[in-house]
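For what it's worth, our numbering labels the leading residue of the sequence shown as 230, then goes sequentially.
Cβ atoms here follow ideal geometry from the backbone N, Cα and C, with glycine treated the same way.
Owing to the predicted nature of the structure, the values given are computational and were not obtained by experimental measurement.
Since the structure comes first, as structure tokens, the remarks are kept for the end.
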Amino acid sequence: DDLRTRNADVAKRLVDFTGWTHPRVQGEMNRLAGITKVSTATVDQLERRLRYAESWLRRLRRERT
């Protein structure tokens with residue numbers, strides 16, 4: 230549950246930074262992590278998804294400065 234919550238929080242921040250829709254950001258996060266659905270993802274997959282999303286967010290923040 231904690232990993233799903235953390236993934237959702239990062240997704241919300243990415244929506245703000247990218248201007249993309251929530252489904253588009255979620256889809257990109259899934260694509261980067263190689264998963265199809267958060268609801269069926271393993272802990273390892275959710276951790277990987279979170280790492281990729283946090284890395285994406287860091288890159289966006291660096292590009293804005």
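Does DSSP classify Asp245 as helix, strand or coil?
In the structure shown, Asp245 sits in a helix (DSSP, three-state: H, G or I).
Do Leu275 and Arg233 have their C-beta atoms within less than 8 Å of each other?
yes
So the alpha helix (DSSP H) Ala282 belongs to, where does it begin and stop?
272-293
On the DSSP letters alone, give me the boundaries of the alpha helix (DSSP H) that Gly256 sits inside.
It spans 251-262 - the alpha helix (DSSP H) in which Gly256 sits, taken as one unbroken run.
Can you grab the Cα-Cα spacing for the pair Trp249 / Asn259, in whole Å?
Between Trp249 and Asn259, the C-alpha separation is close to 15 Å.
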